[in-house]
Amino acid sequence: NKPADSSSSSANQNALLTIPREDMGTFIRNFNPFAPTVNPMVQQSIYESLLIFNPAKGDTTPWLATEWDVAKDGKSITFTLRDGVKWSDGKPLVAEDVAYTFQLQKKIKGGFEYLKAVTPEGTNKVTFTFNTPWSPALYDVGQLTILPKHIWSALKDPEKDTNAKPVGTGPYTEVESFQAQSFVLKKNPNYWQPEKQKIAGIKMLAFAGNDGANLAAANGDVDWAPQFIPNIEKTFVAKDKEHRNYWFPPTGAMINWQLNTTKAPFHDPAVRKALSMAVDRDQVTKIGMSGYAQPADCTGLSGNYDSWKNPAVKDNCSWTKLNVEEANKLLDEAGYAKGADGKRTLKDGKPFEFKISVGASSSDWLSVANVISQNLQAVGVTAKVDSPDWAAVVAGYEQGTFDSGIVWSANDPSPYKYFNTSMGSATVKPVGTKTFDNYHRFGDPKADALLKEFVAAGDEAKQKDIAYKLQEEYNDAAPLVPLFSGPEWGAYNDTRFTGWPTQDNPYATLSVRAPTTVLVLTTLEPRK
Amino acid sequence: MTISQVSFGSHEPVLEVKDLTVKYVGDTRSTTAVDRVSFSIGTGEIFGLAGESGCGKSTIANSIMRLLKDPAKIAGGSIRFGGKDVLGMGPEELRRFRWQDVAMVFQSAMNSLNPVLTVGEQITDIYTTHAGYSRKESLRRAAELLELVRIDPVRLKSYPHQLSGGMRQRAVIAMAVALKPSLLILDEPTTALDVVVQQEIMAQIKELQHELGFSVLFITHDMSLMVELSHRMAVMYGGRIVETAKAADIHTAPQHPYTQALMGAFPPLTGPRVPLTGLADGVKFRNIPDLAEASPGHFVAPFGATAVAAGGSGALEAGTLEGATR
Amino acid sequence: MTTYIHPSPSAADAAVERPTAAPATGAPAPGAASAPAPRRPRQGLIHGLLTNPKAMVGAAILLVFIALALLAPVLFPGDPSRITDMASLEPSAEHWLGTTAKGQDVMALTIHGARSSLLVGLTVGFASTLVGILVGLASAYFGKFIDEALSLVTNVFLLLPGLPLLVILAAFLPPGLGTVILVLIVTGWAGSARVLRSQALSIRSKDFVAAAVVSGERAGRIMFREILPNMASIVMGTLLACVIYGIGAQAGLEFLGLGDVSTVSWGNNLFWAGNEGALLTGSWWVFVPSGLCIALVAFALALINYAVDEVTNPRLRKIKAAKPAAVVGTTARRSTASEGNTAK
Amino acid sequence: MSSTVLGAAAPTAGTGQPALEIRGLSKTFPIGGLLSRKSVRALHQVDLSLGRGEIVALVGESGSGKSTLARCVARLEKPSSGEILLDGVDVLKRDRFQASRAYRSQLQMVFQDPFGSLNPAHRIEHFLRRSLAIHGKAGSAAATQRRLEELMATVGLQPDMLNSYPHELSGGQRQRVAIARALAVEPQVILADEPTSMLDVSVRIGILNLMRKLRDEQGISMLYITHDLASARYLADRTAVMFAGELVEEGESLDLLANPAHPYTQLLVSAVPDPARSGSYDPVRRAELRAAVMSPASCAFDGDPEQPCSAEQPVRHRVGSPDNRHWVRCHLYRPAAGSAGHALVESKVS
Amino acid sequence: MRFILRRLGFYLIAFWVSITLNFLLPRFMPGDPVSRMFARSAGQMQPEQIEALRKLLGVDSRPIWEQYADYLHNIVTGNMGVSITRFPTPVTEVIASQIGWTLLLGGTALVIAAVVGNLLGILAAWRRGGAIDSALPPLLVFVGSFPYFWLAMGALYLFGVILGWSPLRHAFSDGLEPAFTWEFISDAGAHLVLPALTIVLVSIGGWMLGMRNTMIATNAEDYITMAEAKGLKPGRIMFRYAARNAMLPSVTSFGMSLGFVVGGALLTEVVFAYPGVGYQLLNAVQGLDYPLMQGLFLTITAAVLLANFLVDIFYVRLDPRVRAS
Ligand SMILES: Nc1ncnc2c1ncn2[C@@H]1O[C@H](COP(=O)(O)OP(=O)(O)OP(=O)(O)O)[C@@H](O)[C@H]1O
Ligand SMILES: Nc1ncnc2c1ncn2[C@@H]1O[C@H](COP(=O)(O)OP(=O)(O)OP(=O)(O)O)[C@@H](O)[C@H]1O
Ligand SMILES: [Mg+2]
Ligand SMILES: [Mg+2]
Ligand code: NI
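Read top to bottom, the protein sequences are chains L, G, C, R and U. Just so you know, we're using the working numbering here: the first sequence kicks off at 1 and counts up by one. Just so you know, we're using the working numbering here: the second sequence kicks off at 529 and counts up by one. Just so you know, we're using the working numbering here: the third sequence kicks off at 855 and counts up by one. Just so you know, we're using the working numbering here: the fourth sequence kicks off at 1199 and counts up by one. Just so you know, we're using the working numbering here: the fifth sequence kicks off at 1549 and counts up by one.
The following block contains the structure:
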């Protein structure tokens, strides 16, 4: 059932949208959204959220909620639910469902500390009240997928249920022919926008790694390829230029090189900046990310936040551009002199040497680390790439015992979390105490004040203003060395289905794990 | 050289070996294990073949049954059995010739039973292959055979390791006479056994021979045993026969120094203790000439007058005894 | 007496197969005891190998690789994994084996890779053989309780599923060649210990050991001067098998990304080749050399091993196909065999 | 042929304290697993003494325990019970099993298989040199070299053979090397376990003659283990017959083989092929006898279940004249009427 | 019988040692499954959820001996807990869903390699210097020298991608439901060919050479000469006398291998996207999924021991000599 074989439109009408899942060698029949490893499509095509933020365009689409009101004091939001939305078992979606979902979520998975109460008002209105004004809340609560109370409240241990026959509001909810290596999701018979269920169903294929999935993509066996494909022009597109395409918008999280600021010499911003200047980000993205990623600038914000970026900062970046001369100068000035062999020494006389830790399984980041290590030779600094298992790497991060490492960062619709976890003192823990976000352990009182203002700011314009200031602070302090915006991989083959998001029509990204995925699923249609 | 051999039983020899030469062809050098050996065995005769270890006795036996394996090559001579040319037989003919015409009890008969098959299976194999009997009939006959060598037929179900060495040996002897062959080759059938068992086995063989009337080629290096058992015998040395005669003649009047040494290696059980010398350590004979008749029916390879001296190295005349001490 | 190219115990991944040799879990194997008394073992073995074409071909291949490994810094000075802009070039006069997607010279990677692969292989080989010798000799010489205990440990290690153990160990130890070597020794010694023990046991029961005891020799001397020299061929075989195991298992681990990704070795070259989609992009020159090198080295070692078997066990020596009965009566075996085959 | 009659025994034989004395030696081998209680009784209450300069032959069928006895005495095997006295000292009590070099410098062993008892990895020189070195017999380099050559001469080998490897030697030569190795230690006692059974008939007699020479010239005592009665008679002063782990008869070799008293000895003697004597061998009789003797219902020394003697300890009966020191331990033995000998209780087995 | 009891005792001890190791090993690994999961999600997971997840997954912080006692208890009762990476699926279910394919792939490959390899070995030894004996061993040794995954990838690329003869992935075509129909069985068979073939290619040389060498040794045994002297048909000598004895060591290795089949063919599974236990284990290790890791390890150990035990029993049938001891 290769797509290429079935070009006739009638065949396409019945064709299943075939998507590989590259990091699950096998599927287990478990559609519980609380599972640590959630089956694909559970939160994309089975359950839906109140609204959908599309980072590619920066717009927000009302989904299960048609509108929402943020209170003036910023301490509550009221959502109005869409009329006529039904669960796939025919029962209507009610405000109780939303309230129950959050109750369950807090109980099982925690989070949402700022949330005081979720109060249903009638059947179609639900109000979220907060302890303090909390502006990032809109997307936080708005993008959580909603579960049916009538099903989940009947379970004794909801977190331990495999939810084998999920009931959701999404477009494709009916699990069929479930096998360890593939399963099919068929149309939700009670979908609230039946006119958009244009494809017959979704088929997921399991792969134990990128290689297999890439082979399937190259061979034209799948319609959508959301995994990393090396040299995509040659391995994927070239085989069928007419139908194959890819688009990697830089809307992923910022990938940072984090330096442990509790250790000398990384406590010195000049050193951090100098090291950053020594890194050739073009080479990093080209080698490490096959040229698919966009080099970072000194706002530290990824492509996800283009609209939030402070032009004054962005256009005058110095320390995120390659400048070996300046880097050398900065280091010399900071007192890390080069020896006769061209190698620098620390103030205590030890050689300027440290490790870059990356989990062994992340080969792309390993390449990044290798390029950085190679770049640093030019400024007389020795960086050794250390690549044990991720578990060991993360343990070092959490305890604060690492030297430096390549890490992801928060990626919310609002930049609050990024700045909070990169500069907020509240997230800093002493070395030896576990932390899960501010690994580099950097706190900045100025940033703290700004962050406080940010959460209290009710309207977006004000938030932007504060975000500008945060970027200035970031530019000064260089808490992290931002490398590049994580790209949202995505490639497709439109032999059988058309209507894919593209750079010209960025209604969603090509990710299959993002909230926007459902937008794609409801836009695609069989080729006629 | 032609030797008008006197056969014991009838005038027609069952087996005639003429100028048999066998070589072991090695990577670097070849050894001639059997060198122009001739002898014949008459019907019902027990013919003994004696000689030190490695002189080629087993090689002769294996040649007769065409059992030689690489790197052995029959380099010359002929073997005739009842008039048939054994060396010229085709595979199928050879297969039928084996065991039906000539059977053999191997030197290490105790190890010549397949350890994973029962004794019964190994005996019935013979009947089903050669006589085409049914399994049941074969089993019945196998039981008879065992009784013949005084083993309880329940032992048919035993595996070889469950039998004592002597019993295994007897089982092999039973197998050897299963098809009533006209010639039985016994290659040192008792060396690994203790004297008592040895005697038992030999008694058994004598009895069977008496009953079934086959000829026997009896190989051993135990001269006393050989003299006791065989009618006529040959003594081998280094691949050659050095003396052949009636057993009694060799016992009473061994002529070749090697034969004398062999006879002298066995202290008697009776009489006074007399110092014996045996063959001096390291003494070797080389270039042994063909046999010559010393007295009627008694053939000896000529040897020089210096034969007994065991010390002089040096030139090797034909028939001299070389006494290299190394 | 046994070949050391073993059936894959897991029937799965030959790459991480253990050097399990002679099976014999306590059960007597025919021919196991039939190793002929070696003729002056050491000299004979060396001489035999020198005249054995298989051994010579194997040794030649191996020596070429060792020479290349030693000369790597001279032939390709500098960091072989240096990233350049000349990405994915086909083989050319400048880059004999082309370049990787990161612009690294494949030839340099391959030749530098020999260093770590051979180092790991040889270290693992020697170390596990050494452990095997110590355990095997102690087991065989002291017998009784010591033997029971050591055999138990050996058998437990043999029964532990090798690959899972490798994966787990490799994952939790800090990365580096040292870890890879250690892990491979931990999982690899038991096979050699068992083979060496059974051989030592058969030599232990020889009269010359008893004779040494009677003449008053001490235990250590008996083990190392009397028993060990007579195990030369089996030690050699075990060693070669362990080296093959080491090289193959290292490659397997590294291919899974469980090795030390920052070293240049054949396994890592293949790991990166896979990551960069060398096959998908048709960059065969990235994928082929390291795999071929592993195969060639393993093949060379297997050839030598094969030759060791032949030298110590003349029966295994190749025999020329018999010419049809030029001499009267070639071997009976051959004639019967051919008949058996035509009949079928 | 010469008709010299050999002396019955060496002059020193039987005088004074025995060189080696074995008292009540027993050995059982456990068989089966760790939990098994099964065992094989290989030796049971063996008493044997070896005078200075005396050769005692130990004969018996295969599996009767001859080698086990030798191995126990050589301390390759730990006896289950009993005493081994060398020069009157109980060596088992004196020090740890296998530990004593002093004991080994007094007692050496020659093994059955000369092909197996010389390590193929070493030169001949190594064996002799080690023996000298271990027991402190090595002097200066020149002295050692002289001693090595002397040893080679003693066993009738050329000194240039010292540089050979065992596989370059014939069986007889190897056995000579094995003997030289034992001699290097200058022991009082040599245990020889079937030293000729693996050798070619033609060289056997040479080894026997060598052993005799060593006794005569160096006064070494020897335990000669064999199943070849004729060679025992040829070589040994005394002969002891072993059956199923026990000694059943002992006496001056000539006398014992001329007048075997124990039925088993008679059986053995009858089984030896001797062209000069027509065999009177009866396999049926032997089988019966063996079954009877082995039967647990009957006394250990009694082939006749009708004549139980379990109440009585087995006794030694003297046979013939006292000079012959010939005794038998079996109730089946009945002295012929009118014969001089009477059944005397010589010793009781404790 | 006593032989078997003795072996049984050994297996019990070996089993205990392995399960104890199996208990200890994961606990020496740094990090815990939750932070591991967090790292793998690379920003997708909220840090606030970590503690809750810890609680949910029951990451254990009791004293180690208590955990050990619990662990032993669970093993006895067959309760292997709930997988962490596949939460809330019980470990037994995860394993059960994979083991069939693992056994199919490994078992098929093993049986083919062993049977064909041994047969070739028998023939080669029987006709020394013949075509099979001269050509095959070096060839098979050479093929067997290739890293397994390399050969698998090459084969997949050549036969799957370029020639299109073979399916590229999975144990059967996506649309099918496992059933006892010809359609399904032939489809599963087609998917099995390439993965199994590569395993066979790599391992067959070992079987063949092992068998060949034992067989050559066996051929020199006296009982073979005796069988020839008896004038038996060559086929009978070859199989009933020679091969029957030469087979014994192979049987032992076969038992070992049979047990290890359960461990899965990790590299094959990864290359061919074949479902199976091997990949599951790698995943468990990388996700620090102790329960799954232990469950798999336990299954493998038990299977290895069981297979060995069965072979021991079978061996007793094959080799009457063992019965005596
Ligand atoms: N396979 C072989 N390869 C090379 N030489 C061999 C082989 N088999 C036997 N020989 C040699 O052939 C000669 C004769 O051997 P054969 O076995 O016939 O002697 P034998 O008289 O039977 O000795 P024994 O009394 O020990 O059985 C010996 O010198 C031996 O070394
Ligand atoms: N290590 C052992 N374990 C168990 N039983 C043994 C052991 N060694 C010897 N035996 C048994 O002890 C008995 C005596 O054996 P021994 O070797 O002493 O006999 P032997 O008289 O030397 O025989 P042969 O003449 O065959 O050499 C035999 O029944 C034998 O099976
Ligand atoms: Mg012979
Ligand atoms: Mg003995
Ligand atoms: Ni009595």
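From the three backbone atoms N, C-alpha and C, an ideal C-beta is built for every residue, glycine too.
Which partner residues does residue 82 of chain L have in the DSSP bridge list? Answer is none; residue 82 of chain L lacks a bridge partner.
Apart from the five residues on each side of it in sequence, which residues of its chain come closer than 6 Å, Cβ to Cβ, to residue 1132 of chain C? Excluding sequence neighbours, residue 1132 of chain C sits near 1140 and 1141.
For the segment 1693-1726 of chain U, list every residue whose C-beta sits within 7 Å of some C-beta in chain C, in sequence order. If the cut-off is 7 Å between Cβ atoms, the segment 1693-1726 of chain U has 1693, 1694, 1695, 1696, 1697, 1698, 1701 and 1705 near chain C.
Nonlocal neighbours in the same chain, by C-beta distance under 7 Å from residue 1111 of chain C, ignoring five residues either side: 1125, listed in sequence order.
Closer than 7 Å by beta-carbon distance: list the chain C residues that pair up with residue 1561 of chain U, in chain order. Around residue 1561 of chain U, the beta-carbon contacts reaching into chain C at under 7 Å are 1006.
Whole angstroms are fine: how far does the CA of residue 1267 of chain R sit from the CA of residue 1433 of chain R? Cα to Cα, residue 1433 of chain R sits roughly 20 Å from residue 1267 of chain R.
In whole angstroms, give me the CA-to-CA distance for residue 1351 of chain R and residue 1415 of chain R. Near 14 Å, if we compare the C-alpha coordinates of residue 1415 of chain R and residue 1351 of chain R.
List the whole-angstrom C-beta distance separating residue 1610 of chain U from residue 30 of chain L, where the pair is believed to meet the contact cut-off of C-beta under 8 Å. So it is not a contact: roughly 27 Å between Cβ atoms.
Three-state secondary structure (DSSP) at residue 520 of chain L? Helix at residue 520 of chain L.
Alpha carbon of residue 60 of chain L to alpha carbon of residue 308 of chain L, nearest angstrom: Distance between the alpha carbons of residue 60 of chain L and residue 308 of chain L is about 15 Å.
Return the first residue and the last residue of the alpha helix (DSSP H) that residue 1086 of chain C is part of. Its alpha helix (DSSP H) spans residues 1086-1109.
Between residue 494 of chain L and residue 1669 of chain U, what straight-line distance do the alpha-carbon atoms span, to the nearest angstrom? Approximately 54 Å between the Cα atoms of the pair.
Within the same chain, show all residues whose beta-carbon is closer than 7 Å to that of residue 1459 of chain R, passing over the 5 residues directly before and after it, in chain order. Taken in chain order, the residues that qualify are 1447, 1517, 1526 and 1531.
Residue from L:528, L:19, L:337 and L:186 whose Cα sits closest to the Cα of residue 496 of chain L: The shortest C-alpha to C-alpha distance from residue 496 of chain L to any of L:528, L:19, L:337 and L:186 is the one to L:528.
From what residue to what residue does the beta strand (DSSP E) around residue 52 of chain L run? Unbroken beta strand (DSSP E) run through residue 52 of chain L: 51-54.
Kindly indicate if chain R contains any beta-carbon less than 8 Å away from that of residue 749 of chain G. For residue 749 of chain G, the closest Cβ of chain R is nearer than 8 Å.
Residue 683 of chain G at chain U interface by Cβ criterion, 8 Å: With 8 Å as the cut-off, residue 683 of chain G does not count as an interface residue toward chain U.
Please state the DSSP three-state secondary structure of residue 245 of chain L. Three-state result, residue 245 of chain L: strand.
Return the CA-CA distance between residue 454 of chain L and residue 169 of chain L, expressed in angstroms with no decimal places. The alpha-carbon atoms of residue 454 of chain L and residue 169 of chain L are separated by roughly 34 Å.
For a cutoff of 8 Å on Cβ pairs, would you count residue 687 of chain G as touching chain U? True, the Cβ-Cβ gap to chain U drops below 8 Å.
How would you label residue 614 of chain G, buried or exposed, when you count the other beta carbons within 10 angstroms and need 16 or more for buried? Residue 614 of chain G should be labelled buried.
For residue 1711 of chain U, which three-state DSSP category applies? Assignment of residue 1711 of chain U by DSSP, reduced to helix, strand and coil, places it in the coil class.
Segments assigned alpha helix (DSSP H), at least 4 residues, entirely inside the segment 382-436 of chain L: Counting only runs of 4 or more residues that sit fully inside the segment 382-436 of chain L, the alpha helix (DSSP H) segments are 390-399 and 416-423, in chain order.
Out of R:1259, R:1218 and R:1225, state which residue places its alpha-carbon closest to the alpha-carbon of residue 1466 of chain R. Restricting attention to R:1259, R:1218 and R:1225, the CA atom closest to the CA of residue 1466 of chain R is found in R:1259.
What does residue 999 of chain C touch in chain U if you count any residue whose Cβ is under 9 Å from its own? Under the 9 Å cutoff, chain U gives no residues; its nearest Cβ is about 14 Å from residue 999 of chain C.
When the Cα of residue 802 of chain G is compared with those of R:1410, R:1425, R:1420 and R:1417, which residue comes out closest? Relative to residue 802 of chain G, the option among R:1410, R:1425, R:1420 and R:1417 whose CA is nearest is R:1410.
Among the residues of its own chain, which have a CB less than 8 Å from the CB of residue 232 of chain L, if the five just before and after it don't count? Same-chain partners within the cutoff: 246, 290, 292 and 491.
What is the residue span of the beta strand (DSSP E) that residue 483 of chain L lies within? For residue 483 of chain L, the uninterrupted beta strand (DSSP E) run begins and ends at 481-485, by DSSP.
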